[in-house]
């Protein structure tokens, strides 16, 4: 998602020494947060954690605990932890290798279980832990030989396509869709996570002059579709629908949420779309019919990345919030808004982002729409660094708005999980 954030701006202009281990397999009742206040912890390219590859297990664990403690300090109640950034794993997966972002070497055992620790330590602090997976991204490069020797992408090179300087699994292959589900659901089966969370990468973001070379898969499986775009959307629909059903079959109380790019379609493209002029539309460019997933009830929550300021001509936050509120209304799907904390104080961003109160204005606007059940901030590094003091303003707001103190919230959460 860190990579996506930069891209969006352009478009619009075994045994483990410290193991906490898998937590019980039983599903327990979890009432959705009435006011979810979350942060993403991105591990791809070591964006938020760990600070660099190759730290000792003890150092990595200490950094992770510090992020959880900071979430509590900022009066947040949910952490969205990236555990499968590039077809790898931050737990001892039987399907995929250990992530290179832990040790610097893909497949090398880090000596502990980050996901098991994150679940246990988050819950001890009264925090929900949403496990964040990227379904199709294989590598941040295009050289399969750089992958670990037993990586599934090397065992099955026919599954993989290069595009835009990265490697991706081909979403058009049924065996790929089955495998990535198995790989992700292993974590659901083994750990007491609160939710499965996906970000915005389905088919890759378009790159000028490049072609995603899935013609062979389309020729094999695309019969009956009017065009390749419709076939691609159906492939993504299948992944979402099948994964949601499998999660509920494993543990009915584990929720399924997706955080897509914030514009489904522009109004000029589709009368059902938003009053925007975005350079990317998920329906057309990422082949992700995010509105349909909500309307069909295939997911439990949606967190559109509304990473723009109020008043931005191409994609106005103040127009997108009510549009998304209308999409979820009456569906039973919760709406949490994705917030661009990383833009606060960034000199490359428009003037509104130089004002510490911009994100507080977002919360004021969200409060007008009962369909908005919370907000999630990108990302953990900025939650800690507090650019412009914007996060302090938000944390103060959360403390004063909630009639219960933090200890009471944590006791209630532990009671829910008993």
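Numbering (our numbering), first residue to last: 8 to 425.
Note that CB positions come from ideal geometry on N, CA and C, so glycine has one too.
In this structure, the straight-line span from the alpha carbon of residue 342 to that of residue 53 is close to 28 Å. Taking 8 Å as the upper bound for CB-CB distance, residue 390 and residue 348 are in contact here, some 7 Å apart. Given a length threshold of 3 residues, each whole run of the beta strand (DSSP E) inside the stretch 135-178 is given here in chain order: 135-140, 144-146, 167-170, 173-176.
Within its own chain, the residues whose Cβ lies closer than 8 Å to the Cβ of residue 241, once the five positions on either side in sequence are excluded, are 232, listed in chain order. DSSP, reduced to helix, strand and coil, places residue 392 within a helical segment of the structure shown. Taking C-beta atoms under 8 Å as the contact rule, residue 104 and residue 155 qualify, at a distance of about 4 Å. In this structure, DSSP gives residue 317 a state outside helix and strand, which the three-state scheme calls coil. Looking from the CA of residue 226, the closest CA among 238, 377, 69, 314 belongs to 238. Shown here, residue 238 sits in a helix according to DSSP, grouped into three states.
Rounded to the nearest angstrom, the gap between the Cα atoms of residue 357 and residue 364 is 14 Å. In the displayed model, residue 348 falls within a helix according to three-state DSSP. Under the rule that a run must span 4 or more residues, the alpha helix (DSSP H) segments found entirely inside the stretch 320-382 read 324-335, 365-373.
Counting of Cβ neighbours within 10 angstroms places residue 148 among the exposed residues, the total staying below 16. Note on geometry: alpha-carbon atoms of residue 329 and residue 376 lie some 7 Å from one another. When the five nearest sequence neighbours on each side are left out, the beta carbons in the same chain lying within less than 6 Å of the beta carbon of residue 352 are those of 394, 395, in order along the chain. Here residue 43 is near residue 84, since their CB atoms are less than 8 Å apart.
Assignment of beta-bridge partners to residue 273 by DSSP yields 281. Looking at the DSSP output, residue 54 sits in no beta bridge, so it has no partner there.
Residue 135 is classed as buried because its beta carbon has at least 16 other beta carbons within 10 Å across all chains shown.
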